[in-house]
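Asks:
Residue numbers (the numbering used here): 3 to 310.
1. Is residue 145 helix, strand or coil when you go by DSSP?
2. Using a Cβ distance threshold of 8 angstroms, determine whether the region 120 to 131 contacts the region 98 to 109, with at least three qualifying pairs required.
3. Give the straight-line distance between the Cα atoms of residue 154 and residue 176, rounded to the nearest whole angstrom.
4. Just to confirm my understanding: we take residue 298, look at its own chain, exclude 5 residues before and 5 after, and list those with CB closer than 7 angstroms. What are they?
5. Can you check which of these residues, 308, 145, 309, 302, is closest to residue 162 by C-alpha distance?
6. By how many angstroms is the C-alpha of residue 130 removed from the C-alpha of residue 55?
7. To the nearest angstrom, how far is it from the Cα of residue 95 to the Cα of residue 30?
8. Counting C-beta neighbours from all protein chains within 10 Å, is the total for residue 230 16 or more, i.e. buried, or is it exposed?
9. To the nearest angstrom, how far is the alpha carbon of residue 34 from that of residue 46?
10. Can you tell me the Cα-Cα spacing of residue 149 and residue 180, whole angstroms?
11. Helix, strand or coil for residue 26? Go by DSSP, reduced to three states.
12. Starting from residue 84, trace the beta strand (DSSP E) in both directions and tell me its first and last residue.
13. Compare the beta carbon distance of residue 240 and residue 253 with 8 angstroms and say whether it is the shorter of the two.
14. Here's a check: name, in chain order, each residue in its chain whose Cβ is nearer than 7 angstroms to the Cβ of residue 305, leaving out the five neighbours to either side.
15. Of all the alpha helix (DSSP H) runs that stay within the bounds of the region 152 to 206, which reach a length of 4 or more residues?
16. On the criterion of 16 or more Cβ atoms from any shown chain inside 10 Å, does residue 7 qualify as buried, or is it exposed?
17. Using a Cβ-Cβ cut-off of 6 angstroms (strictly less than) and excluding sequence neighbours within five positions of residue 191, which residues of its own chain qualify?
18. Rounded to whole angstroms, what's the CA-CA distance from residue 43 to residue 132? Just pull it up for me.
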C-alpha cells in the first residue's frame, strides 16, 4: 500500500511539474510518504530542473543544517550532519523559520532525468510532522521546501544566464576581431595601391635611364669605330662601354624586380578583396548569431523573473 502511495505521489509530482512548466505556474512542493531510517514518514518532494547533484547536495546542507546556539555545558544535543548513499540527516539542527526548537531533518537527494529530486521529512520531539501531527511544522516545512526549490531554480537559471551572457561577449569579441581584420585588409589594399604607383614611377625612371644607357653605349661604339685600336683612347672608351653595359644590365634587372613587385601588389589587392568579401559574410553571420544570442538572453531573463 505504501509503495503504491509513493508511486502515486511520484506520478502526481511529475504531472504537477510538467503542467507547472507548461503554464508557468509557481513552483510547489509535493506531499510524499517514504520509509526513512527512523521509520515511515510524510514529507515533501521537489524537483530542481537542470540542476547538478553536487550543487544541490551542498546547497541543501547549507540550507538545512544550522548549529545555532550549541552549548556542551548545558547538555544540548550536538548538531550533526550525516550522509550515506541514500539518506542525509541533519540532527538537532536549529532552523527558526521551521520550528522554535532543534529538529531532525531526513532527506533523500538523487539525480533524476532532467534534474535533481529532493525529498525531505521533518521530525520534532521524536515525531514526524504531518497534516495531523506538528501541523505548524508540516506547513512551514512545505514553505521551506518551496523556498529551497525557488532558490535552487533561480541559481540554475542565473548560472545559465551568466553562461549565455559570456557567450554573447565572446560572439561580440569575435565580431570586433572580424572588423579589425577587415580594417587590416583595407589598409593593406591602400598600401599595395600606393606601392604600385611608386613602383610604376620607378619603372618610368628606369626605362628613361635604360634609354640613356643605350644611347651612351651607341655613342661610345661609334667613337670606338674611329679610334685606333690598342691606344690609350681606345682602352678608355672600351672601359666606358663596359661600364655603361654593366649599368644597363643592372637597370634591366631592377626593372624585372619592379615588374614582379607590381604583380605581387596586384595579387595582394585581389587576395585582400576576396578576404574582405568573405569577412563581410562572416560578419553578417556573426551579427545573426549575436541577435539570436541576445534574444535567448532576453528570454532567459524573463524566465528568471517568472521564478517566484
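Just so you know, even glycine gets a beta-carbon here, dropped at the ideal spot from N, CA and C.
Replies: Here's the rundown:
1. As a working note, residue 145 is residue 143 in the chain shown. Residue state, collapsed to three classes: helix.
2. yes
3. For this step, residue 154 is matched to residue 152 along the chain shown. For this step, residue 176 is matched to residue 174 along the chain shown. If you take the alpha carbons of residue 154 and residue 176, they lie about 33 angstroms apart.
4. Reading the chain shown from its first residue, position 296 is the one you call residue 298. Here the set comprises 166.
5. Taking the chain shown and counting its residues from 1, one reaches residue 162 at position 160. Closest option to residue 162, Cα to Cα, is 302.
6. For the purposes of this step, residue 55 is identified with residue 53 of the chain shown, where counting begins at 1. For the purposes of this step, residue 130 is identified with residue 128 of the chain shown, where counting begins at 1. Roughly 26 angstroms between the two C-alpha positions.
7. Counted from its first residue, the chain shown places residue 95 at position 93. Counted from its first residue, the chain shown places residue 30 at position 28. In a straight line, the C-alpha of residue 95 is about 24 angstroms away from that of residue 30.
8. Here the question's residue 230 lines up with position 228 in the chain shown. Exposed: under 16 other Cβ atoms inside 10 Å.
9. Against the chain shown, residue 34 aligns to sequence position 32. Against the chain shown, residue 46 aligns to sequence position 44. For residue 34 and residue 46, the distance between alpha carbons rounds to 6 angstroms.
10. Taking the first residue of the chain shown as position 1, residue 149 is located at position 147. Taking the first residue of the chain shown as position 1, residue 180 is located at position 178. Straight-line Cα distance between these residues: approximately 46 angstroms.
11. The sequence position of residue 26 within the chain shown is 24, counting from 1. At residue 26 the pLDDT is 48, less than 50, meaning the model places this residue with poor confidence; the figure from the coordinates comes in the next sentence. Looking at residue 26 - three-state DSSP - the assignment turns out to be coil, as it is neither helix nor strand.
12. Position 82 of the chain shown, counted from the start, is the residue given in the question as residue 84. Here the beta strand (DSSP E) through residue 84 covers 82 to 85.
13. Here the question's residue 240 lines up with position 238 in the chain shown. Here the question's residue 253 lines up with position 251 in the chain shown. The answer is no: Cβ separation not under 8 angstroms.
14. Looking up residue 305 in the chain shown gives position 303. Around residue 305: 159.
15. none
16. As a first step, residue 7 is located in the chain shown; it is residue number 5 there, counting from the start. No answer about residue 7 holds up, because its pLDDT of 39 lies below 50 and its placement is not dependable.
17. For the purposes of this step, residue 191 is taken as residue 189 along the chain shown, with counting starting at 1. So the qualifying residues of the chain are 271, 274.
18. Here residue 43 is taken as the residue at index 41 of the chain shown, counted from 1. Here residue 132 is taken as the residue at index 130 of the chain shown, counted from 1. In a straight line, the C-alpha of residue 43 is about 8 angstroms away from that of residue 132.
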